[in-house]
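Protein chains: 2
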Amino acid sequence: MLKSYLLSPGPTPVPERVLLAMAQPIIHHRTPQFSAVFADTAERLKKVFNTKQDVLILSSSGTGAMEASVTNSFSVGEKVLVVNGGKFGERWGKIAEAYGLKVEWMNVEWGNAVDPAAIKAALDKDSAIKGVLMQATESSTTVKYPIKEIAQITKNSDVLLVVDGITGVGVFDIPMDEWGIDILISGSQKAFMLPPGLAFIALSEKAWKKVDGAKNNKFYFDLKKERKNLADKTTAYTPAVSLINGLREVLNMLDEIGLDNWYKRTALLAKAAQAGTAALGLKMVTDSPSEAMTGVFLPEGVDGNKLVKVLRDKVGITFAGGQDQWKGKIIRIAQLGYIGEFDIVIALSSIEMALARFGAKVEMGSGVAAVQEVLMNSFEV
Amino acid sequence: MLKSYLLSPGPTPVPERVLLAMAQPIIHHRTPQFSAVFADTAERLKKVFNTKQDVLILSSSGTGAMEASVTNSFSVGEKVLVVNGGKFGERWGKIAEAYGLKVEWMNVEWGNAVDPAAIKAALDKDSAIKGVLMQATESSTTVKYPIKEIAQITKNSDVLLVVDGITGVGVFDIPMDEWGIDILISGSQKAFMLPPGLAFIALSEKAWKKVDGAKNNKFYFDLKKERKNLADKTTAYTPAVSLINGLREVLNMLDEIGLDNWYKRTALLAKAAQAGTAALGLKMVTDSPSEAMTGVFLPEGVDGNKLVKVLRDKVGITFAGGQDQWKGKIIRIAQLGYIGEFDIVIALSSIEMALARFGAKVEMGSGVAAVQEVLMNSFEV
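Each protein sequence line maps, in turn, to chains A and B. If you use my numbering, the first sequence closes out at 1038, no skipped numbers anywhere. If you use my numbering, the second sequence closes out at 1038, no skipped numbers anywhere.
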């Protein structure tokens, strides 16, 4: 009977009305009835991607859309620059290598954002580089990368800027067309507050032109085929019908709140979580935090793996801990998707109690109070 | 307020208790809580696949598992024999070609089963062929292929028998290990009575050995990586959590009914649908029908596209019509998955009424009566 709370930066909690939308009876995917739902959903996704381009819906995890970006846009032997400042940046490079691309690694220290000047220097130095592969938010380090500034560099060149916005689209505004991003992808289980199983991808005109000439292996993730099918209001292969029903309900919710308010809400929760953890004396893992989540180092001597485990199994709160080099050392509090104000209260409250039980020095309630200070002025009286 | 019935051979109706299982709150996928669900589900899938081998769960449509079979088991330049007797056989060949394999096409007339002797002759003639790619049921033609007999031919050779059992596993028994099938795949939206979005794949020892030496491009669909992760009770990439919750509930249902009874039930419905359509004088499209569905030619002069459309939009019954060369000419009644006895009554009843309205000669109630004759002896009194 432990009442459970999912406060991890993906998957995120699914709103009750979305769960119910997904529990509707299945309709056949090759019917005008489903086509109407599908076309409407894909059309409305454009608003969240802030683009006039088609947003394609794939039945896969976000990694599938990462693979699609690589195999549809780059030929075997082409060179790409991969921003590697965490686990997901590293994944870009592994995918590129798996499909025969040459990878120029731009290694960034965990917790740091990539410097646009370094990107510019790398591109100036080597004109063979035809793509920059990076994240909007590197989830493993909670860092937000300066996409807008980097797009300024690639915009008027033959280099494609490919952005994994799995933790980004729907978290903060990423005006793809205005900034000049060439490929932007996302997934269902983050700000889109759905279960995992759908990936989204949009390409600029420049990217679509490159797709025409790209020679690489692909079949299931064939973007030209999907674009042609989308024009016919369908998909190349059987789509994940129930998740798409859920997605439509999510888009209804985002219409109701308004995207600007949605982004403000996430940013407010970020501010609250940052204030709460600061009040506890916990050091943030980065100076460039994403609004998606707050990552902080745990006090010396506290076993982070054990703390996250106890919070989950004994207290009912699921946070994300650290990955790879930060395993056991950090805790990450989610702010994206269907996380509300009092989830941040719960987050800080549970962390305070756990830290105290793990022998750290904590003034009980101080983190919660700091959260309250931020939140109390967020509503009209 | 049209009360709707989904009688297509995929997607199939999802039982209410499965819809509710999928509407459970999402839990994080990197937790012992989800690992327990995942490992239990994967373990119990073995029973349905009738194998001792691991059954891997992929987040994709069935086509993703077809691609995985090709890219994990065959090297660029290797030759495979593709049984092409319909739309899905053709897909095998397209995938193989997309990944640089040489395809030897064995074209089979639509509506016919492939002759095992022809497979044997093709393999004897060309020792360069290292795989036979085929379906258990070719859904586009409703034909059941003689997998057991073909496995006898490949079993003690270096040729892999790769079977798309998307419409097969869970429809009838396919004892993978006993027969000597090397790769068997399936998908969630057929006999597994789930929404689309999951694919399943199992490999024989012989196939796993070949995987070790196969050189081809892959990343998202990397079976060795997934097998390693399954041993750790997890997946390489974020799994479709809600669909896996649903799958576990499906496996509960199959445990309750028992697989033998489940197959008998599907076969009984097939017999009923065959009797009903025969009573209406509708000719079956094949002499080798799968238990999954019954396909019949519509009377001359009846526009099948329009008939299927009217049944769906005005009567509420969704059947599958014909594809490609059979478009507008046939209708397919589903018997697999969560289809019950009275769905077959509804099927024949609605087809009778539609045929009469389309000007065909029909004795109203005669098809239904034939269905009843079959069904009435299926229960104890």
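Glycine included, each C-beta is placed from N, C-alpha and C at the ideal position.
Could you pull the start and end residues of the beta strand (DSSP E) that residue i belongs to?
| i | result |
| --- | --- |
| M763(A) | K759 to N764 |
| D821(B) | L817 to D821 |
| S843(A) | I840 to G844 |
| I858(A) | L855 to L860 |
| A991(A) | I987 to A991 |
For a test of the three-state rule: what should DSSP assign to residue i, helix, strand or coil?
| i | result |
| --- | --- |
| S784(A) | coil |
| Y920(A) | helix |
| P896(A) | coil |
| L904(B) | helix |
| P956(A) | coil |
| A793(A) | coil |
| I974(A) | strand |
| V868(A) | helix |
| F745(B) | helix |
| M679(A) | helix |
| K736(B) | strand |
| K801(B) | strand |
Classify residue i as buried or exposed, calling it buried when 16 or more other Cβ atoms lie within 10 Å of its own Cβ.
| i | result |
| --- | --- |
| A930(A) | buried |
| N729(A) | buried |
| E835(A) | exposed |
| Q710(A) | buried |
| Q846(A) | buried |
| W919(B) | buried |
| R762(A) | Inspection of the sequence shows that residue 762(A) is occupied by Trp rather than by Arg. Result: exposed. |
| S843(A) | buried |
| S1035(A) | exposed |
| A1027(A) | buried |
| K801(A) | buried |
| E1037(B) | exposed |
| P852(B) | buried |
| M950(B) | buried |
| I914(B) | exposed |
| F731(B) | buried |
Measure the CB-CB distance between residue i and residue j and report whether it falls below 8 Å.
| i | j | result |
| --- | --- | --- |
| T798(B) | T943(B) | yes |
| F1015(A) | L964(A) | yes |
| A977(A) | S665(A) | yes |
| S718(B) | T891(A) | no |
| R884(A) | V694(A) | no |
| I1003(A) | Y662(A) | yes |
| F849(B) | A722(B) | no |
| V760(B) | V789(B) | no |
| G903(B) | V712(B) | no |
| A699(B) | L900(B) | no |
| G870(B) | V705(B) | no |
| G750(B) | E795(B) | no |
| I840(A) | V816(A) | no |
| G1024(A) | I988(A) | no |
| T824(B) | G952(B) | no |
| G854(A) | S716(A) | yes |
| V1019(B) | L937(B) | yes |
| P682(B) | P670(A) | yes |
Since residue i is in the alpha helix (DSSP H), which residue starts that stretch and which ends it?
| i | result |
| --- | --- |
| K964(A) | One detail in the question is off: residue 964(A) reads as Leu in this sequence, not Lys. Here the alpha helix (DSSP H) through L964(A) covers G961 to V967. |
| I1003(A) | E998 to R1014 |
| F691(A) | P689 to F706 |
| V1045(A) | The requested residue 1045(A) is not part of the displayed model; chain A covers only 658 to 1038. |
| E1030(B) | S1023 to L1032 |
| D981(B) | From DSSP, D981(B) is part of no alpha helix (DSSP H); its letter is neither H nor E. |
| N729(B) | G719 to S730 |
List the residues of chain C that residue i touches, going by C-beta distances under 7 Å, in chain order.
| i | result |
| --- | --- |
| G825(A) | Absent from the structure is chain C; the protein chains it does hold are A and B. |
Subject >> Members of the region 989 to 1000 of chain B near chain A, C-beta cut-off 8 Å >> reply: For the region 989 to 1000 of chain B, the set of positions with a beta-carbon nearer than 8 Å to some beta-carbon of chain A is empty.
**OP:** Give the residues from the region 892 to 905 of chain A that approach chain B closer than 7 Å (Cβ to any Cβ), ordered along the chain.
**Re:** Listed by position along the chain: Y894, T895, P896, A897, V898, S899 and L900.
Original post:
Of all the residues that make up the region 795 to 817 of chain A, which are near chain B by a beta-carbon distance shorter than 7 Å?
Top reply: None of the residues of the region 795 to 817 of chain A has a beta carbon lying less than 7 Å from any beta carbon of chain B.
**OP:** Pull out every residue of the region 956 to 977 of chain B whose Cβ sits closer than 7 Å to any Cβ of chain A, in chain order.
**Re:** Cβ contacts with chain A: R969 and T975.
Subject >> Contact residues within the region 855 to 882 of chain B, judged by C-beta distance below 7 Å to chain A >> reply: Per Cβ criterion, the list reads N874, K875, F876 and Y877.
**OP:** Would you list, in chain order, the members of the region 678 to 697 of chain B that have their beta-carbon closer than 9 Å to a beta-carbon of chain A?
**Re:** Along the region 678 to 697 of chain B, the positions whose C-beta sits under 9 Å from a C-beta of chain A are M679, A680, Q681, P682, I683, I684, H685, H686, R687, T688, P689 and Q690, read in chain order.
Subject >> Contact list for the region 732 to 758 of chain B against chain A, Cβ threshold 8 Å >> reply: Result list: K751, I752, A755, Y756 and G757.
Subject >> Positions along the region 829 to 852 of chain B whose CB lies within less than 8 Å of some CB in chain A >> reply: Taking 8 Å as the Cβ-Cβ cut-off, the region 829 to 852 of chain B approaches chain A at G844, Q846 and P852, given in chain order.
Original post:
Can you list, in chain order, the residues of the region 781 to 795 of chain B whose Cβ is nearer than 8 Å to any Cβ on chain A?
Top reply: Only those residues of the region 781 to 795 of chain B whose C-beta falls short of 8 Å from the nearest C-beta of chain A would be listed, and there are none.
Subject >> Residues in the region 706 to 718 of chain A having any Cβ partner in chain B nearer than 9 Å >> reply: Only L715, S716, S717 and S718 from the region 706 to 718 of chain A bring a Cβ to less than 9 Å from some Cβ of chain B.
**OP:** Name, going along the chain, the residues of the region 937 to 955 of chain B whose beta-carbon falls closer than 9 Å to a beta-carbon of chain A.
**Re:** Of all residues in the region 937 to 955 of chain B, none places a beta-carbon less than 9 Å from a beta-carbon of chain A.
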